[in-house]
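Chemist:
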Amino acid sequence: VLWPDFRRGHLYDSIREYQQRERRFGGLAAEDA
């Protein structure tokens, strides 16, 4: 989606997708440490 067409629904979808990611901040997962 190009910027002029980026609407509130796109923002919420992006936030939901980001929240579902496993973020490790460059480290190992807790079970691997």
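Numbered continuously in my numbering, the sequence shown closes out at residue 33. Note that beta-carbon positions come from the ideal geometry of N, C-alpha and C, so glycine has one too. Predicted, not measured: the structure shown is a model, and the values here were computed from it.
1. Using the three-state DSSP reduction, which class does Glu17 fall into: helix, strand or coil?
2. What separation, rounded to the nearest whole angstrom, lies between the Cα atoms of Glu22 and Asp13?
3. Please return the same chain residues whose Cβ sits closer than 6 Å to the Cβ of Arg7, not counting the five positions on each side in sequence.
Modeler: Inspection of the coordinates gives the following:
1. helix
2. 17 Å
3. none
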